[in-house]
Amino acid sequence: MILVLLTLAVGLFAMLMVGYLAHIVNREPPGTDEMIMVANYIIESADAFIRRMYKSIAIFVVLMVILLAIIFRSFVVVGVFVLGVFLSLTAAFIGLHVAVKAGLKTVSAARTSAERAFVIAFYGGAVMGLSVIGLSLIGASILFLLLRNPQLFVGFGFGVSLAALFAQLGGGIFTKAADIGADLVGKIEKRIPEDDPRNPAAIADLVGDNVGDCAGRGADIFESISDDYITAMILGSMLMGSLGENVLVYPLVVGAAGVLATILGLYAVKLLKKRKPNIAFNITLITTAALCIVGAYLCAVALLNNITVFYAMLSGLLVTLAVGLVVQYYTGIGRRPVKVIAETSKRGAALNIITGLAYALQTPFFPIALVLASALFSYFICSEPLYGIVAANIGTDLLAGIIMSSDTFGPICDNAAGIAEMAKVRTKNGLSLAELDALGNTTKAYTKAYASTSCTISTIVLFLTYGELAGLRQASAGLLDLKIIAGLILGATVPFIFSSMAIGAVSKTAYKIVDEVRRQFREKPAILEGKARPNYARCVDIGTKNALKNMITPTVLTLVSPIIIGFILGKYALGAMLLGSLTTSALLATMFTTGGGLWDNAKKYVERRFWMKGTPLHEAVVTGDTVGDPLKDTAGPSLNIFMKLMNMTALLILPFLAMA
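The opening position of the sequence shown corresponds to residue 5 in the working numbering, with each subsequent residue numbered one higher.
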């Protein structure tokens, strides 16, 4: 009890730090009137989007509450479900609210000090990072204090996953539709620069960076951590005989150590502000990792008296760092894959896409191999094999706060560069914004890879949890059972349908934004001459309406498919479906996120080295980038949540399934 109260206190302390960092960001001078006007467009549009999205989610949640109340007839199940939804959306809202303001404050700081701009942008990102890890720790601690029985926590995980899928899908559809609309008409047709104030979709594009990379990714990482706490405590409750009673609270205590390490790591950012931003970020990441390793060791020895659990956890943490190296190879500007795609683009967009696809198909191998190596190592090294995989999974979460901070740092810097462009800010430190924006693109790519890696091993643990509760280990059914084969193949196909829906939603929404931008240019030629202001709100409104409308069907597919398979073919076939879904989702998510990053950075490589707008080369790389956009920012990240929500749904309905 005392240990859990301490973890709750650490979570509350993290939220106090959120308030402190938000205060530091907000007290920064806002800048010129033109900067404030542009920033207000972004802030008002982002607030309008998030309000409308939350209203849509609220309607769906009310329906789910009624359904859960009828099926389970339990206030506990309904209550923990609502708590999960509330905390997930709260974390996303806090981070988004500060991030949209931090963009303006970063531009203002950059006019006088590049170092100050870096600190403000990173602290703005840290608000999201600490909100995610702090609220997840608070939620899990409250559940343990009130319920004590980990198997009652499944409803919480279901609520967290459902809210995360809505946030990621809605934000992802909006951001990429706006981005594609701005690029196709602005860059290719009218040949004007990115974030040009004459582009009617420019504000929608900047808003999209926030709702996708801040709110969406924050909900994604929050879901991973929360689900990991739940599965670790459920499986831990089955192993108390061999590992002791402390195994129940061990995940929370290690999580608290990770929160404290993150706070100390954030302090290092201020000490390193005079270093180059990329060096400061890397040192901060390594410092936080070292502190997490020390904390994990002390927790394993003090609580479980089991060094093998520490080794398993260490393997998970090291995998998160190693995956970053793989991503840097494939997506790093100046690395061979990016150079090859840029070179082939000289022969047209078709070769850009073919070459990018060839590299994208390679990208899942090493990250998935690293995850499996960690899982196998943990399984064989740990005295309790199953808990070894759980420990490795918790290890991947220890750096979540600092990585999420760096991810939100990306859209903050992107917004800052956009505000500077639209407000025509020209200072001697203007280059600092370009440098920060470049670093932000790198950190966003790393976070996407981290999210895919973390979610893959999380889903493995969720599947093992389902397997233990459903008795798959003792099941007499074999691989030759037709129901098992059917469940496996159907599970493998569902992620393709889900991805099709997500990408198609971006296409439909982008189509309407493109038409709107063309209409404004056609009806008001003075916009292109810089003599009239575009109607930014119209593009934001179109993107919002269509994103919210198109996020419903993929969500329903995620919820309904395991229910249908479970009740028609039985719990063993459902287990096979979950395994098939896990396999293809993990591969597709990694391919989409890293492959999309390849096309994106090939475009940036061309633009930085020989900006030739209007040439076939530039049009080819922009086309490749627009193809990769819905893959890396909509379908890929949403698949991470999709596979966990399917498993959570299966765990929720398991008590009602008859033995097949």
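Cβ coordinates follow ideal geometry from the N, Cα and C atoms, glycine included.
Item, Value
"State the CB to CB distance for the pair Ala665 and Leu578, rounded to an integer number of angstroms; the pair is presumed to be in contact (CB under 8 Å).", "No statement about residue 665 is possible, as the shown extent of the chain runs from 5 to 664 and does not include it."
"Does the distance from the C-beta atom of Leu147 to that of Val86 stay below 8 Å?", "no"
"In this structure, how does DSSP classify Cys386 when only helix, strand and coil are distinguished?", "coil"
"Using C-beta distances below 7 Å, list every residue in its chain close to Val327, excluding the 5 sequence neighbours before and after it, in chain order.", "Pro371, Leu374, Ala453, Tyr454 and Thr457"
"Look up Ile40 in the DSSP assignment and say whether it is helix, strand or coil.", "helix"
"Measure the C-alpha to C-alpha separation of Ile207 and Val521 and round it to an integer number of angstroms.", "12 Å"
"Indicate whether the contact test is met: 3 or more Cβ pairs, each with one atom in the region 102–111 and one in the region 405–422, closer than 8 Å.", "yes"
"Indicate the three-state DSSP secondary structure (helix, strand or coil) for Ala664 in the structure shown.", "With a pLDDT of 47 at Ala664, under the threshold of 50, the modelled position of this residue cannot be trusted; read the value that follows with caution. Three-state result, Ala664: coil."
"Could you give the DSSP three-state label for Met19: helix, strand or coil?", "helix"
"Quick one: which unbroken alpha helix (DSSP H) runs of 4-plus residues sit fully inside the region 77–139? Chain order, please.", "79–114"
"Please report how far the alpha carbon of Gly399 lies from the alpha carbon of Lys528, in whole angstroms.", "56 Å"
"What residue does the alpha helix (DSSP H) around Asp209 start on, and which one ends it?", "Ala206 to Asn214"
"What's the call for Arg523, buried or exposed, on a 16-neighbour Cβ count within 10 Å?", "exposed"
"Which residues in the same chain as Ala664 place their Cβ atom closer than 8 Å to its Cβ, once the five residues preceding and following it in sequence are excluded?", "Because Ala664 sits at a pLDDT of 47, beneath the cut-off of 50, its placement in the model cannot be relied upon, and the following sentence gives the value as read from the coordinates. If we look at Ala664 and ignore the five residues flanking it on each side, its Cβ neighbours are Ala481, Lys487, Leu573, Gly574, Lys575, Tyr576 and Ala577."
"With burial defined as no fewer than 16 other Cβ atoms inside 10 Å of the residue's Cβ, what is the status of Ile54: buried or exposed?", "buried"
"Hey, Leu492 and Gly584: beta-carbon distance below 8 Å or not?", "yes"
"For a quick check, are the C-beta atoms of Gly185 and Val518 less than 8 Å apart?", "yes"
"Cα separation between Leu329 and Phe79?", "47 Å"
"Measuring only the C-alpha atoms, how far is Ile229 from Leu252?", "16 Å"
"How far does the alpha helix (DSSP H) with Leu196 in it reach, from first residue to last?", "First, the residue type needs correcting, since residue 196 is Ile and not Leu in the sequence shown. Segment: none, Ile196 is in no alpha helix (DSSP H) and carries neither H nor E."
"Taking Gly15 as the reference, which of Arg351, Thr451, Pro34 and Ala260 has the closest Cα?", "Ala260"
"Does the region 163–175 come close enough to the region 261–276 to have 3 or more Cβ pairs within less than 8 Å?", "no"
"Find the nearest neighbour of Glu347 within the set Val610, Leu134, Asp232 and Ala300, judged by alpha-carbon distance.", "Val610"
"What is the DSSP secondary structure of Arg56, reduced to helix, strand or coil?", "helix"
"By the DSSP assignment, the alpha helix (DSSP H) with Met408 in it spans what residues?", "Ala404 to Met426"
"Please state whether DSSP places Arg31 in a helix, a strand or coil.", "coil"
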